[in-house]
């Protein structure tokens, strides 16, 4: 079906060209030629030029996303040092093993990932990730980049402005509005189609916007159909020795609608509706039991077939009113929203003679919330103030369910890993932008107070489990400064606190097995679990001139009370089972450096260089060990050209990733080799309304794997007579695609 749709795509573009005259040019934006002056909001809660922000932040516009041939969040940070996305190959099991089940799991910022990185779509939190047993729910599938007009990636704690979860940083997605397409016209639209050979994905996006009087609206739809992500494994065996990808069929739909009413010269009312659903069907051939090398018959429980059907769905509705005008308070935004996210994982295990098994695991997040944000400008003598303050509150009902057939004793399906819980977050913040000496020195103080509360519900599926309630508060300060040293140079410094409240599944996780062959065990609650906290300081030097933009940043972070599930008592007998509990155990220290250089000429030639390097340690019970989640050194360098009339252009980019040092990894960890790859992208505009793009990736067909994907894979004992440990025989399963291409066409009217 995908190939038929791909064949129709050029036809659809041709019909579009015949439909009428062009009303708006393709707003590609000279993002290579001029990044100075970009406006960011997430770092300060007020619109500020990126060079004036006392923090490390990156912006990706919709046209930059299109030019770099981005299809998911892993592609989004392809050329972004200091940020990664974990996406391991799909090699999971029915009752144990989660490798790759979470897809593009989450962003990793400066070595911390998962729910420690705040993700927002139009200011609403993306549902949390979750892992328990053979269930692993990621977060990347909750966002479709076809509906996004910009992405801001903030490095460093964000809790002073956004509250819980902003421990390591924040990623803010902003979806398109009618005005983004319409400009001065009453009807406008865009249609695009693309193909990516790495996973044979075809995608199409259609956006239509219209205005009539004071009312404007937008509707956007993206469809994606693809297969498994290719790799450079060559073993196609139908068992665990397989290194070729397991076959997959993927599809997703994303729909966005907005209705805007201009209620006056300075205000507007906006209604937003969003729906996304992704489906992944996997034939887990690597999960089939291999035949015995001695000719012995298969065990009764041997797996002879394993198939999975996973869905991720998110629905959102929001109503917001905004005022932007003059006077004491020049900005007001009031927002109310509802969102529901559902992650459902179904897997069927065909066993030799033992009863076949099915597992159905779900993880749901339903949230109702609201926010009020205000801004004002005032002067105290020669000092200018740009104040921002506000408050927000939300209640999330979080629940998970484990169901299926042939449960492992003593489970009786259905059952929950934790009780249904209402998770309340409420906070208030105030920040200021203080301009001294006409902006020669700018200060950015901010302070936020947060209160959180976990309210577990009485659950008939956990009749004997006594859940613990919990609540707490946190004060998160931040202070930043930018000093301009002449017209081109500036220095900045920033000190910030971050925190993450305990999750319902950490306070009240439930599981017990009094008859396990490995020893009886159970989990218990911890109502005294503390939030994870961070204190980070960073500083740097920036250069902004006509032909040069450069910056270097050093940072140091201290993170306390990291939450970990640990054995706290017991020996494993039915009378004295091993007891596990989530506790505040670890302290983490992360230090690093990041640098960027952009060169541009009036002829259209450009150059870029970016680098990131960090080290981290975890302290548990007084013992220091390397923090494995930190990525090794990454270097990105490129040259490009963009025609001054914006008719064509391209770039050639080299990416180098160093090998993870044995001193920075766990004992016997598999350390994939360092690598250098080359990628190229080009675009051409046969007419102002039509843009054709192409990308050639991994030009040299290098065999390589990202550390973020192999993290957690161990070396294995050598086969006699050899001794010691060797790389795992399935290492090639974790490699990235060889040489691959992407093409796209986009038409605007």
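In my numbering, the protein residues as written are 51 to 799. Where is the CB? At the ideal position from N, CA and C, for every residue including glycine.
Coarse secondary structure for residue i, derived from DSSP in three states
i	result
residue 749	coil
residue 803	The shown model of the chain, from 51 to 799, leaves out residue 803, and the question about it has no answer.
residue 457	coil
residue 373	strand
residue 805	Here the chain covers residues 51 to 799 and nothing more, so residue 805 does not appear.
residue 295	coil
residue 786	coil
residue 306	strand
residue 604	strand
residue 589	strand
residue 682	coil
residue 736	strand
residue 699	strand
residue 722	coil
residue 190	helix
residue 247	coil
residue 101	helix
residue 713	helix
residue 792	strand
residue 337	helix
residue 71	Confidence in residue 71 is poor, its pLDDT being 37 and thus under 50, which makes the residue's placement too unreliable to answer from.
Given residue i as reference, the closest of the options once Cα atoms are compared
i	options	result
residue 103	794, 253, 541 and 650	541
residue 780	289, 680, 528 and 789	289
residue 143	487, 749, 356 and 570	356
residue 160	91, 773 and 643	643
residue 131	706, 740 and 727	706
residue 815	337, 726, 424 and 197	This structure cannot speak to residue 815, because the chain is shown only from 51 to 799.
residue 640	587, 745, 592 and 776	587
residue 495	515, 488 and 436	436
residue 660	671, 683 and 679	683
residue 242	257, 652 and 209	257
residue 727	739, 750, 745 and 740	750
residue 698	665, 397, 666 and 737	737
residue 416	133, 712 and 177	177
residue 247	797, 787, 795 and 798	787
residue 127	154, 138, 147 and 148	154
Residue i, buried or exposed, once every other Cβ within 10 Å from all chains shown has been counted against 16
i	result
residue 729	buried
residue 89	exposed
residue 169	buried
residue 444	buried
residue 679	buried
residue 526	buried
residue 547	buried
residue 790	buried
residue 618	exposed
residue 59	With a pLDDT of only 42 at residue 59, under 50, the local geometry of the prediction cannot be trusted, and no value is derived from it.
6 Å Cβ shell around residue i - same chain, five flanking residues per side excluded
i	result
residue 413	180, 187, 393 and 450
residue 301	275 and 329
residue 82	Bear in mind that the predicted position of residue 82 carries a pLDDT of just 36, short of 50, making it unreliable; the figure below should be weighed with that in mind. Contacts found: 656, 690 and 692.
residue 204	92, 93, 107, 219 and 220
residue 602	590, 591 and 645
residue 687	659 and 704
residue 266	228 and 310
Extent of the continuous alpha helix (DSSP H) to which residue i belongs
i	result
residue 114	112–117
residue 347	Run containing residue 347: none; DSSP gives neither H nor E here.
residue 781	Note, residue 781: premise wrong, no alpha helix (DSSP H); not H, not E.
residue 325	Here residue 325 belongs to no alpha helix (DSSP H); instead the beta strand (DSSP E) covers 317–333.
residue 163	Element bounds for residue 163: n/a, residue is neither H nor E.
residue 197	First-last for residue 197: undefined, no H or E at that position.
residue 757	757–760
residue 123	123–126
residue 556	554–557
residue 212	209–212
Same chain, Cβ closer than 8 Å to residue i, five either side skipped, listed in chain order
i	result
residue 277	249, 250, 251, 297, 298, 299 and 300
residue 531	104, 491, 492, 493, 494, 542, 543 and 544
Contact set for residue i: own chain, Cβ-Cβ below 7 Å, skip 5 residues either direction
i	result
residue 777	720 and 765
residue 223	170, 171, 193, 198 and 201
N- and C-terminal bounds of the beta strand (DSSP E) containing residue i
i	result
residue 230	No beta strand (DSSP E) contains residue 230, which is instead part of the alpha helix (DSSP H) from 228–232.
residue 568	Where residue 568 is concerned, there is no enclosing beta strand (DSSP E), given that its DSSP letter is neither H nor E.
residue 503	491–506
residue 694	Note, residue 694: premise wrong, no beta strand (DSSP E); not H, not E.
residue 529	520–535
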